[in-house]
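Data first, discussion second: the structure below is written as structure tokens.
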Amino acid sequence: MTTYADYRTGEPVADTKAPSGPVHERWDKRRFEAKLVNPANRRKHTVIVVGTGLAGGSAGATLAEQGYHVVQFCYQDSPRRAHSIAAQGGINAAKNYRNDGDSVHRLFYDTVKGGDFRARESNVHRLAQISVEIIDQCVAQGVPFAREYGGLLDTRSFGGVQVSRTFYARGQTGQQLLLGAYQALSRQIAAGNVEMHPRTEMLDLIVIDGRARGIVARDLVTGKIDTYFADAVVLASGGYGNVFYLSTNAMNSNATAVWRAHRRGAYFANPCFTQIHPTCIPRTGDHQSKLTLMSESLRNDGRIWVPRAKGDDRPPNEIPEDERDYYLERIYPSFGNLVPRDIASRAAKNVCDEGRGVGPGGQGVYLDFADAIRRMGRAAVEAKYGNLFDMYQRITDEDPYQVPMRIYPAVHYTMGGLWVDYDLQTTVPGLFAIGEANFSDHGANRLGASALMQGLADGYFVLPATINDYLARNPHQEPVTDGHPAVREVLAETEDRLNLLLAVDGDRTPDSFHRELGELMWEFCGMARTDTGLRKALERIPQIREEFWRRIKVPGTGEEFNQSLEKANRIVDYLELAELMCLDALHRAESCGGHFREESQTPDGEAARRDDEFGYAAAWEFTGTGAAPTLHKEDLVFEYVHPTQRSYA
Amino acid sequence: MARTVWDSTVGKKAVMAVSGLIMLLYLVAHMIGNLKIYFGAGEFNHYAHWLRTVGEPFMHYEWTLWLIRIVLVAAVVAHATSAYQLSRRDIRARPGKYVHSRPRASYATRTMRWGGIILGLFIVWHILDLTTGTVHSGGFQPGHPYQNVVDTFSTWYGNVVYIVAMLALGLHIRHGFWSAAQTLGVGSRARDRALKTVADVLALLLTAGFVAVPVGVMTGVVS
Amino acid sequence: MKLTLRVWRQKNADADGAMSTYEVDGISSDMSFLEMLDVLNEQLILSGEEPVAFDHDCREGICGACSLVINGEAHGPERTTTCQLHMRSFQDGDTIDIEPWRASAFPVIKDLVVDRSAFDRIIQAGGYITAPTGSAPEAHATPVPKPDADFAFEHAECIGCGACVAACPNGAAMLFTSAKVNHLNVLPQGAPERETRVLDMVTQMDAEGFGGCTLAGECATACPKGIPLVSITRMNKEWLRATRKAGKR
């Protein structure tokens, strides 16, 4: 009997859409080579967009402006609430307004390096090129970026880079960018070009004759399960960080759309690449339902430290300067507190593992503003970080102006996602994935302020250009109806799944399973992973899955607003995705970016990449629940940024 | 444009604000005129007579007064109709009450509706009492307002009705003036204190000025 | 701590609702209010009852999904969203009343969940700047004076939670509408649509069945993002200006 871990390696997968030639000409070349759809014919094409975050909102608005008929979905009660709204820090763009030596090439270089050489050069370069247009677009929409007294845009530097290229709107950049996209989308809804379905969740993908032709979705208010058909389907449903139960993701962010697409044939790439963000508020107890991020910008002025001695439980203000260990400044003198996220997170874990962590359970490190307050004055600190300090105080009941903040790493972002080519098309023709839902641009680690950039680049500029090519090449697709056998089958499967969840009537709540899975994943597939641990997790997950289907209890019916049913159905998919994440982590016996394998480290404890063996993106093909998937490797070629061991010392 | 204004809640509030300010302006003049009662019947009655001859010879006898009356009636009607329609809308917009109720808003805000109704009824009584004399307590003598006023405030109910109405007026103006400024868009953070002070002062002066008349009669200063 | 909760239960939009009483125990003062409700719901599921439905998502005070009236106050006793309210604001043994937003423009969907799509339609009526993708000029082409940028930001902070409507004795949406009008109208990019924006948004606001403003100020007191009452004054000014200009055309 083959177990899940006995995966098979299939044919390599290649990105056939990226043109060759100088990297800075590829995007222009692709746009020129892409076929166009006659403007008069565009309204005859329907495009489904799932999700209304930065990627989905901007894509829906832009496709509708181009003349396509867009049918869009979000599970929230309004498209304005997608979790992009919670991004705090900022958005990168190679504007070089500071004249500090920034350029498109430098942003490209930083992103490839920051991603620990596991991203595709063509994609990253395009992202850097487009970054400039994004700022123009957002300003034109009225996004109130921070400005200087002269009326020009202000920028700041952000984790992992040495130029000041991050545009921001106080600590609410994600909110402001999302509202910009939401407003553009609202204009198209009013114009009748976008048919918006809020409180409607995609539950499956409809594939007919090998092409994505629609989705099955459930109206969360009435419980009605319906089918929606289109000429192309765009998934902008975000990441899967909630597999860990505790994460900085919104409570209802989920992986169902991408996982169901994966089950229908879309390859899932690099699922083990998850980002653990170093500056989150530590958990306070078992009741914790989610973790709250404190913007990374705090690391610009705050200093991170722990006591030198183990088990030093004196209050922080009583620990003298020479008994403190400013460990990031000590280990990485040139980047200090601004090292990339994966490095900062792992360093925090290491000092806590040494028994030097602070706060309840020793799971925390100090982020101290005493020096900044002395240097800049309290008023300046307040102006810069006031809202973050308030938030911290509200949650912890501690005053960060008086006592250092306590922070600890938490799951924040998933670099992995559906495999896409340069056109952002998955392995299912007609199915596109944008934003955090795809795997494309961040490699093994995402730089701060790059998620907003990628979401908007995909939605405003990349997808609207590349989807034309697909639609132009497939102009007259057969209309689909509910009577089609493939549609009937998907619909029946979905209904059966929900009915089964309701029928088990066991003795455990959905949350109890989610929490159990999350703890398992955090322990074995979190900040540091080992062969033994991952094998243990792979053994345990099918057991949880089996127990889930035996003991789950979902009250109520499927024909009504039923939040327990929504939750339980999402956990069904987490229980499969978690398995793939562990397998991917197990197979990648190297450390890179957010993926740290204890077996693969340098003598001084830094991540050791193994480019010869693992210089590829791992794209997994689904073969059945619990069945060993097939691995398709996409070799990564570096012509411009040559892989080196990352050094932030 | 009139249609846009009347059809919108914001526009209707502007109508209330403008009509309210017109009435407020009138009340200031009315109050100052009233205080002449302290200078004796001659001066007071002379003032009352003058009101009918203002604008002569261009205007005919009582033309100016009637013009003022027409404007005032229009203001009252506009104010009351908007208030009625907006109130109905507000009540419809919030049909269910919270099970857990708690005191809300300031006293003056909450009494705007009832205060308005009290003032409306008072105006009717006031006109029937001192303009037409229909419900006057003594023998109403046209052209002798001094005596008529003294007669009214020689009864306990005349005093009670009048003083209660004037207190309602004070509260109404206190919120109404500030509110009108906001509705007409002249409020700002910098001006807010000043506007609130002006509203308080106006409310206080008008209430005190009007109440001074019955007080004068009651204390015998005016007789 | 141990608490008594009185919660509004309503099966669906058409059903009648009523308050039901529940006891919860073992609540820690570090829990957020919603985590306390999670505890209640776990308890209810295991005892075979339907859990209390409530809207929530980011749980960090920014998405605007959570929406509870707690002891008669929108978002409860602190000036923040329900998800950022912590149980340390309550005492052991307290009885807490939990109700949905109440306004006829926000019909109840189930229990504590209401339909706020009216807000989306107000935005659709004009709460945007027409700037199709690709049409944007260079970002630095139009400097925006810092005070204007800050003013715009202050109003753009609105999270669309609807606490202003819930708190208003008239169920008015003036604070929400004014926040968006002011955000966009002060910016040079928003100038071409300045008049149509305010007129159309107010028309839509009225059409949704929200009440009128009596400047009671409850909205600004309840607003978790501190949108000031004077925002409404400013919108009134914009509206009157736009009406005058439209009248002249």
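Residue numbers (UniProt numbering), protein chains in the order written: chain A, 1 to 649; chain B, 1 to 223; chain C, 1 to 249. In this text, a Cβ means the ideal position worked out from N, Cα and C, and glycines have one as well.
Is DSSP giving residue i helix, strand or coil here?
| i | result |
| --- | --- |
| B:Asn166 | Correcting the residue identity first, residue 166 of chain B is Met in this sequence and not Asn. DSSP places B:Met166 in helix when its eight states are reduced to three. |
| A:His412 | strand |
| B:Trp1 | In the sequence as presented, Trp is not what sits at residue 1 of chain B; that position holds Met. Coil, per DSSP. |
| A:Thr166 | strand |
| B:Thr219 | helix |
| A:Gly51 | coil |
| C:Thr177 | helix |
| residue 716 of chain A | Any answer about residue 716 of chain A is impossible in this case: the structure gives chain A only from 1 up to 649. |
| A:Ala486 | helix |
| A:Phe335 | coil |
| C:Lys110 | strand |
| C:Thr142 | coil |
| C:Ser20 | strand |
| B:Leu184 | coil |
| A:Tyr326 | coil |
| A:Cys525 | coil |
| A:Pro278 | strand |
Can you name the residues of chain B whose CB is closer than 9 Å to the CB of residue i?
| i | result |
| --- | --- |
| C:Ala105 | Ala93 |
| C:Arg234 | Gly185, Gly187, Ser188 |
| C:Met201 | Result: empty, since nearest Cβ-Cβ is about 10 Å, beyond 9 Å. |
| C:Ala172 | Thr9, Asp90, Ala93, Arg94 |
| C:Pro228 | Arg189 |
List, in order along the chain, the chain C residues whose C-beta lies closer than 8 Å to that of residue i?
| i | result |
| --- | --- |
| A:Lys553 | Ile45, Leu46 |
| A:Met391 | Glu60, Gly61, Gln84 |
| A:Gln129 | Within chain C, no residue comes near A:Gln129; the closest Cβ sits about 14 Å away, beyond 8 Å. |
Whose Cβ in chain C lies nearer than 7 Å to the Cβ of residue i?
| i | result |
| --- | --- |
| A:Gly150 | Pro143 |
| B:Leu21 | Neighbours of B:Leu21 on chain C: none; closest Cβ ~14 Å, over 7 Å. |
| A:Gly361 | Near A:Gly361 there are no residues of chain C at all, since even the closest Cβ is about 13 Å away, more than 7 Å. |
How many Å lie between residue i and residue j at the Cα?
| i | j | result |
| --- | --- | --- |
| A:Ser295 | A:Pro12 | 39 Å |
| A:Phe273 | C:Pro192 | 46 Å |
| B:Leu35 | B:Arg110 | 31 Å |
| A:Thr466 | A:Ser58 | 15 Å |
| C:Ala179 | B:Ser188 | 15 Å |
| C:Ile159 | C:Phe33 | 19 Å |
| C:Arg121 | A:Ala379 | 40 Å |
| A:Asp507 | A:Phe244 | 22 Å |
| B:Val215 | C:Val230 | 40 Å |
| A:Ala344 | A:Asp301 | 15 Å |
| B:Phe210 | B:Leu119 | 14 Å |
| A:Ala617 | A:Asp611 | 11 Å |
| B:Asp151 | B:Ala212 | 15 Å |
Contact defined as beta carbons within less than 8 Å: I believe residue i pairs with residue j. What is the distance between those atoms, to the nearest angstrom?
| i | j | result |
| --- | --- | --- |
| residue 652 of chain A | A:Ala94 | Here chain A has residues from 1 to 649 only, and residue 652 of chain A is not among them. |
| C:Trp239 | B:Val10 | 5 Å |
| A:Leu388 | A:Leu298 | 6 Å |
| A:Pro510 | A:Ala568 | 4 Å |
Starting from residue i, find everything on chain A with Cβ-Cβ shorter than 8 Å and list it in chain order.
| i | result |
| --- | --- |
| C:His140 | Tyr97, Leu152, Leu153 |
In chain C, what lies closer than 9 Å to residue i by C-beta?
| i | result |
| --- | --- |
| A:Ile571 | Within 9 Å Cβ-Cβ: nothing; A:Ile571 doesn't reach chain C, min ~14 Å. |
Using a C-beta cutoff of 9 Å, does residue i count as contacting chain F?
| i | result |
| --- | --- |
| B:Asp200 | Of the chains in the structure shown, none is chain F; the protein chains are A, B and C. |
Please list, in chain order, the chain B residues whose beta carbon lies closer than 8 Å to that of residue i.
| i | result |
| --- | --- |
| C:Ala246 | Met1, Thr4 |
Could you tell me which chain A residues have their CB closer than 9 Å to the CB of residue i, listed as they occur along the chain?
| i | result |
| --- | --- |
| C:Pro224 | Those do not exist, as C:Pro224 stays about 11 Å from chain A at its closest Cβ, beyond 9 Å. |
**chain C contacts made by the region 243-268 of chain A, where a contact means CB separation under 7 Å** = Within the region 243-268 of chain A, the residues whose Cβ lies closer than 7 Å to some Cβ of chain C are Ala250, Met251, Asn252, listed in chain order.
**Request:** Could you run through the region 152-170 of chain C and flag, in chain order, every residue whose CB is less than 7 Å away from some CB of chain B?
**Result:** Only Pro169, Asn170 from the region 152-170 of chain C bring a Cβ to less than 7 Å from some Cβ of chain B.
**Message:** Residues of the region 62-75 of chain A in Cβ contact with chain C at a cutoff of 8 Å, in chain order, please.
**Reply:** Thr62, Glu65
**Prompt:** In chain order, what residues of the region 105-128 of chain C put their CB closer than 9 Å to some CB of chain A?
**Reply:** Ile109, Lys110, Asp111, Val113, Val114, Asp115, Arg116, Ser117, Phe119, Asp120, Arg121, Ile123, Gln124, Ala125, Gly126, Gly127, Tyr128
**Asked** Looking at chain C, which residues of the region 25-52 of chain A have a Cβ within less than 7 Å of any of its Cβ atoms?
**Response** none
**Message:** Closer than 8 Å between beta carbons: that is the criterion. Which residues of the UniProt domain "2Fe-2S ferredoxin-type" (1-102) of chain C meet it against chain B?
**Reply:** Arg6, Trp8, Met19, Val69, Asn71, Gly72, Glu73, Asp97, Glu99, Arg102
**Request:** With 9 Å as the limit, tell me which residues of the region 159-184 of chain A have their beta carbon closer than that to any beta carbon of chain C; keep them in chain order.
**Result:** Flagged, chain order: Phe167, Ala169, Arg170, Gln172, Gly174, Gln175, Gln176, Leu179, Gly180, Tyr182, Gln183, Ala184.
**Residues within the region 185-216 of chain C neighbouring chain A, beta-carbon criterion of under 7 Å** = Leu187, Gln189, Gly190
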